[in-house]
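Trainee: Quick one: this structure, given as structure tokens, is what I'll be asking you about.
Protein chains: 2
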Amino acid sequence: MTKIDPSLALWAPWMRRALQLASLADGCTSPNPLVGSVVIDGTGKLVGEGFHSRAGQPHAEPQALEQAGSKAKGGTLVVTLEPCCHQGRTPPCTEAILRSGISRVVVAMQDPDPRVAGAGISRLRDAGIQVLTGLLEREAAYQNRAFIFRVLNGRPWGILKWAMSLDGRTGLPNGASKWISGEKSRSWVHGLRAKCDAVIIGGGTLRFDDPLLTSRGISDPEPLRVVLTRSLNLPDKAQLWDAKEAKTLIAYGPGVSKEQLKKLPSGPDYLELNSTNPSDLLKALAKRECNCVLWECGAELASAAVQDGCVQEIAIVMASKLLGGDSAMTPLAHLGFTSMNQALLASNGSIQRLGKDWLFENLIL
Amino acid sequence: MTKIDPSLALWAPWMRRALQLASLADGCTSPNPLVGSVVIDGTGKLVGEGFHSRAGQPHAEPQALEQAGSKAKGGTLVVTLEPCCHQGRTPPCTEAILRSGISRVVVAMQDPDPRVAGAGISRLRDAGIQVLTGLLEREAAYQNRAFIFRVLNGRPWGILKWAMSLDGRTGLPNGASKWISGEKSRSWVHGLRAKCDAVIIGGGTLRFDDPLLTSRGISDPEPLRVVLTRSLNLPDKAQLWDAKEAKTLIAYGPGVSKEQLKKLPSGPDYLELNSTNPSDLLKALAKRECNCVLWECGAELASAAVQDGCVQEIAIVMASKLLGGDSAMTPLAHLGFTSMNQALLASNGSIQRLGKDWLFENLIL
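Line order of the protein sequences matches chains S and D. Using the numbering used here, read the first sequence as starting at 114 and increasing by one per residue. Using the numbering used here, read the second sequence as starting at 114 and increasing by one per residue.
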């Protein structure tokens, strides 16, 4: 736990409001972070609010300051992430703060982006503004875990999702898996997709399930639908080939013949990778502005993604039924541990009920 | 939901107290039910309490009446199960009630035992006592589900327990399973054993795990430890052969040679069955006064027990870790469903945290 300066703690209710504002754009801001901000005048009254809604749109701080107008003078700006000090798609926020006459800035956490990384805070302090940092830092870092992970690691945060029975089966021995989970859980998955920038499956899931993989309109644009394929052995017809509702990207490995490429469906975009390792795909998706991806693949690709460090979070929908079966499908069939010490540990577990199903969310880091 | 007569509902707080008293002997009363009782005098004051602690010991009602003494006269007796009207190991409770001068009896549910089955209530009514029935009937039936099931079906209520990882594995491909769950969960299992009359494993679990299967002293006597074996291929040394702490019963199928029987360890008792079907074992255990058994076996016997209708409740300890592995052990490997409609549905799901693990409890009926 971070020790909190008592004078800093006074601002906690406003920082919570700023975090709440930031969350309104969850899933919409990539490659940018979520940011929320409020302005409090000298008498302690809220005079401005703002949040970053989408890359290219104004940052949270200038919006809150604009709303505050002249009331910002002598006031306090509370913000969930260090203000930027560089010219990006929008002008640097530090300069807007200096112009506003704000006398104090309260920041939850430093921006890990190397173009900022403390320079925004220094710029404000050098100009004589009091800057308090570290308030609700853990909450702010959790809210922006995908952005932070992508900035530090060069690849997006990975969420692996699966639905299974009480006895841990993701399908019957004959492959049938429609539906293990109930309607409420499936709606929840649509919302989860809306918070991600891309949804990834392998060729097997494409051929066997022919999924749609959209958020059913919850997010606009829909997340990018990605098929990672070694063989380019793709079906002629698939829901993913229709790119009207959502874009589809076929990512394939090296050594594919020109003949093969000619035969492919025309709806999707194509991307040649150096390898079909999950991490090579994710590096390419980071360059396409993805902060967060959802793995909705079968056991083979899921196991590879886990082993390649491409899964940081696991969402498990567990239905209240028993499937059984020795050769039935399991979520991570291809992990090959030989000792209990090798087991991957999950943390920060939480649980909720979704209709008759249970939803577990865990981090594996 | 049972419709409750408003005049009956007035007695609900006292019935809750009676249910609470009954629960104090959970796991100790077999083959008898759990029963709790309170006596309220004419002014609404509690004047007597009792619960059935063990077969052969006094029933709940005479204890509560004895405590009440002359204050029972004109009062109300509240009891979780219909008073018995037959001479068993103790005298009929109806006669004690009549002698006490009680004017009203409130009963949660009729006793399914064919020697009672409404005759106790009739006996009281015929003698001029007001008898109200059906108060908190569902709660009372749930508390005595093992007893009721055994009376109606001639075999004990079965609980199947397993520990698995987040991805539904009960062991690594090499069989290692110590320990998937944490210490707190393992202590919880000791408590679960204490509530059961017998704990059952197969020969495979005996040979591979050499378990102790006791409640670690929580219940006295310890539950009967049962090994169901087709082959009588038993190890020379096993913790179960030491019958000092707890009794062990080896149950075997027909067609075993006299030579084989001569070689067996001397600690356990032996029981020849008509078949090694789980239901044949359970019928034999019902005759040995078991209301409730715990299946702590491997997937083969667990699957057979489920298919043979010998599992009514499932307790799953889920550890916050990933084991993976295609050939790793799964809880119900031997169920062979081919359609999602065949999946066994669980109901009444509840969940609690046990250290870093999760505990699910479900009914399958």
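Where is the CB? At the ideal position from N, CA and C, for every residue including glycine.
Nearest by alpha-carbon distance to residue 421 of chain D: which of D:430, D:128, D:408 and D:222 is it?
Mentor: Answer by Cα proximity: D:408.
Trainee: Just checking: is the beta-carbon of residue 268 of chain S within a distance shorter than 8 Å of some beta-carbon in chain D?
Mentor: Not an interface residue.
Trainee: Could you tell me if the beta carbon of residue 357 of chain S falls within a distance shorter than 7 Å of some heavy atom in the ligand FMN?
Mentor: The ligand FMN is not part of the structure shown, which contains no ligands of any sort.
Trainee: Who are residue 465 of chain S's beta bridge partners in DSSP?
Mentor: Beta-bridge pairing links residue 465 of chain S to S:472.
Trainee: Got a sec: which bits of the stretch 277–288 of chain S sit with their beta carbon under 8 Å from any beta carbon on chain D, in order along the chain?
Mentor: Against chain D - using a Cβ distance shorter than 8 Å - the residues of the stretch 277–288 of chain S are 277, 278, 279, 280, 281, 282, 285, 286 and 287.
Trainee: Identify the contact partners of residue 459 of chain S in chain D, using a Cβ-Cβ distance below 8 Å as the criterion.
Mentor: The contacting residues are 279, 433, 434 and 435.
Trainee: Please report the distance separating the alpha-carbon of residue 191 of chain D from that of residue 461 of chain D.
Mentor: Rounded to whole angstroms, residue 191 of chain D to residue 461 of chain D spans 27 Å at the Cα level.
Trainee: Is the stretch 286–297 of chain S touching the stretch 445–456 of chain D in the sense that three or more CB pairs, one from each, lie closer than 8 Å?
Mentor: Short answer: they touch.
Trainee: What are the residues in the stretch 437–456 of chain S lying within 9 Å of chain D by C-beta distance?
Mentor: So the list reads 437, 438, 439, 440, 441, 443, 444, 445, 446, 447, 448, 449, 450, 451, 452, 453, 455 and 456, given in the order they occur along the chain.
Trainee: Closer than 7 Å by C-beta to residue 169 of chain D: which residues in its own chain qualify, once you throw out the five before and the five after it? Chain order, please.
Mentor: The residues are 202.
Trainee: On a CA-only basis, which of D:210, D:262 and D:144 is nearest residue 174 of chain D? Give me that one, please.
Mentor: The option with the nearest alpha carbon to residue 174 of chain D is D:210.
Trainee: Which of the residues in the stretch 386–417 of chain D, read from start to end, lie with their CB under 7 Å from any CB of chain S?
Mentor: The residues in question are 416.
Trainee: When you compare each of D:253, D:442 and D:143 to residue 334 of chain D by their alpha carbons, which one comes out closest?
Mentor: The shortest C-alpha separation from residue 334 of chain D is found at D:143.
Trainee: Indicate whether at least one CB of chain S lies closer than 8 Å to the CB of residue 464 of chain D.
Mentor: Yes, because at least one Cβ of chain S sits closer than 8 Å to the Cβ of residue 464 of chain D.
Trainee: Taking only beta-carbon positions, decide if residue 562 of chain D is within less than 8 Å of chain S.
Mentor: Nothing about residue 562 of chain D can be read from this structure; chain D reaches only from 114 to 478.
Trainee: Comparing C-alpha positions only, which one of S:321, S:255, S:457 and S:341 sits nearest to residue 391 of chain S?
Mentor: It is S:341.
Trainee: Taking residue 477 of chain D as the query, report the chain S residues whose CB atoms sit under 8 Å from its CB, ordered along the chain.
Mentor: Chain S residues near residue 477 of chain D: 435.
Trainee: With a cut-off of 8 Å, does the C-beta of residue 471 of chain S fall near any C-beta of chain D?
Mentor: Yes - at least one Cβ of chain D is within 8 Å of the one on residue 471 of chain S.
Trainee: Is the Cβ of residue 313 of chain D closer than 8 Å to any Cβ of chain S?
Mentor: So, not an interface residue.
Trainee: Would you kindly report the start and end of the unbroken beta strand (DSSP E) that includes residue 275 of chain S?
Mentor: Here the beta strand (DSSP E) through residue 275 of chain S covers 270–277.
Trainee: Rounded to whole angstroms, what's the CA-CA distance from residue 122 of chain D to residue 152 of chain D? Just pull it up for me.
Mentor: Approximately 16 Å between the Cα atoms of the pair.
Trainee: CB-CB under 7 Å to residue 320 of chain S, same chain, minus the five flanking residues each way: which ones, in chain order?
Mentor: Correct list, in chain order: 348.
Trainee: Count the other C-beta atoms from every protein chain shown that fall within 10 angstroms of the C-beta of residue 176 of chain S, then say buried if there are 16 or more, exposed otherwise.
Mentor: By the neighbour-count rule (16 or more Cβ atoms within 10 Å), residue 176 of chain S is buried.
Trainee: Which residues of chain D have a Cβ atom closer than 8 Å to the Cβ of residue 479 of chain S, listed in chain order?
Mentor: Since the first residue of chain S shown is 114 and the last is 478, residue 479 of chain S is not available in this structure.
Trainee: Just by C-beta distance, which residues in the stretch 417–430 of chain D are closer than 8 Å to chain S?
Mentor: Residues passing the 8 Å Cβ filter: 419, 427 and 429.
Trainee: When the Cα of residue 127 of chain S is compared with those of S:411, S:249, S:206 and S:412, which residue comes out closest?
Mentor: Considering only alpha carbons, the answer is S:249.
Trainee: Just tell me which of S:218, S:219 and S:331 has its CA closest to the CA of residue 138 of chain S.
Mentor: Per the Cα distances, S:331.
Trainee: My understanding is that residue 161 of chain D touches residue 180 of chain D, with C-beta atoms under 8 Å, so please give their C-beta distance in whole angstroms.
Mentor: Confirmed, about 4 Å.
Trainee: Just how far apart, CA to CA, sit residue 401 of chain S and residue 163 of chain S?
Mentor: Looking at the two C-alpha atoms, the distance is approximately 27 Å.
Trainee: Let me know if residue 365 of chain S comes out buried or exposed under the rule of 16 or more other beta-carbons within 10 Å of its beta-carbon.
Mentor: Its Cβ being crowded by 16 or more others within 10 Å, residue 365 of chain S is buried.
Trainee: Specify, as a first and last residue, the run of the alpha helix (DSSP H) that residue 298 of chain D falls within.
Mentor: Here the alpha helix (DSSP H) through residue 298 of chain D covers 296–307.
Trainee: From the DSSP output, in three-state form, read off residue 124 of chain S for me.
Mentor: Here residue 124 of chain S sits in coil by DSSP.
Trainee: Exposed or buried, what is residue 404 of chain S when buried is set at 16 or more other beta-carbons lying within 10 Å of its beta-carbon?
Mentor: Classification of residue 404 of chain S: buried, given that the 10 Å Cβ count is 16 or more.
Trainee: Shortest alpha-carbon distance to residue 362 of chain D belongs to which of D:314, D:328, D:350 and D:387?
Mentor: Answer by Cα proximity: D:314.
Trainee: Considering residue 264 of chain D, what are the terminal residues of the alpha helix (DSSP H) in which it resides?
Mentor: Segment 258–266, the alpha helix (DSSP H) holding residue 264 of chain D.
Trainee: Suppose contacts are defined by Cβ-Cβ distances below 8 Å. Is residue 419 of chain D in contact with residue 457 of chain D by that definition?
Mentor: Yes; because the gap between Cβ atoms is below 8 Å, this pair is in contact.
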